[in-house]
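Asks: I am attaching a structure below and will ask some questions about it afterwards.
In the numbering used here, the protein residues as written are 1 to 118.
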């Protein structure tokens, strides 16, 4: 992941820490809960983009959904960085694990051994 992203996350966390009126434990929990709020906004944008609320009709675009998904990612990175100063390492290790696992599951199964019909 681009180091500029982690620099931005560090700046966001520092800014949020400076503005916080909560204890560190409460702040950590609230930053985790922020993810639920942002995911809810993704859902609202999808409903709005598809016009699934007949009373409201189409109220969002798919670009709005993209922006809300970015907010989920930002919130997750901030929450991870709040949990550990080693967030970049934790993220990179987890990404490598997921990549390895998905690569292994995409491999073609081995051919069964030939049966000798003598």
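Glycine is no exception: its CB is placed at the ideal position from the N, C-alpha and C atoms.
Since this is a predicted model, take the numbers as computed values, not measurements.
With a floor of 4 residues, list each alpha helix (DSSP H) that falls wholly inside the segment 54-105, ordered by position along the chain.
Replies: 62-83
Asks: Say whether the segment 76-91 touches the segment 15-34, bearing in mind that this needs 3 or more beta-carbon pairs closer than 8 Å, one atom from each stretch.
Replies: yes
Asks: Could you tell me the alpha carbon to alpha carbon distance between residue 43 and residue 60, rounded to whole angstroms?
Replies: Straight across, the Cα-Cα distance linking residue 43 with residue 60 is about 11 Å.
Asks: Would the segment 32-43 and the segment 68-79 be scored as touching if the rule is three or more Cβ pairs under 8 Å?
Replies: yes
Asks: Where does residue 25 fall in DSSP's three states?
Replies: Look at residue 25 here: in three-state DSSP terms it is helix.
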